[in-house]
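Residue numbers (the numbering used here): 39 to 131.
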């Protein structure tokens, strides 16, 4: 397995953060939000509003660990504007 780390710019439309390779088991993914606004995590339909597609709120300067499985994808959307390179993802797969 290799350690993977990337910084990602997240805007107001869903942005792909990570897709787990096919065939891997469950992998812990750490997501860090170094922006001054919250980001919302979820699937490709995630939104930054409360409702059926509203994602998990990751507060400004927050960190969360999410478990993903092979072929799972995680997306994010910013609560306000564009978070240029402010979201980072680290995992080993």
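C-beta atoms are modelled at their ideal positions from N, C-alpha and C, and glycine is treated no differently.
Note that the structure is a prediction, hence the values are computed from the model and not measured.
Original post:
Buried or exposed: residue 45, going by 16 or more other Cβ atoms within 10 Å of its Cβ?
Top reply: Classified as exposed, residue 45 has fewer than 16 neighbouring CB atoms from the shown chains inside 10 Å of its CB.
Subject >> Backbone CA spacing between residue 49 and residue 40 [nearest angstrom] >> reply: Cα-Cα distance, rounded: 28 angstroms.
Original post:
Per DSSP, residue 46 forms a beta bridge with which residues?
Top reply: Note: residue 46 sits in a beta bridge opposite 125.
Subject >> Sequence-distant residues of its chain with Cβ nearer than 7 angstroms to residue 99 (five each side left out) >> reply: Take residue 99, set aside five residues on each side of it, and the residues of its chain with a beta-carbon closer than 7 angstroms to its own are 71, 72, in chain order.
Original post:
What number of angstroms, rounded off, separates the C-alpha of residue 130 from the C-alpha of residue 88?
Top reply: When the Cα atoms are used, residue 130 and residue 88 turn out to be separated by approximately 32 angstroms.
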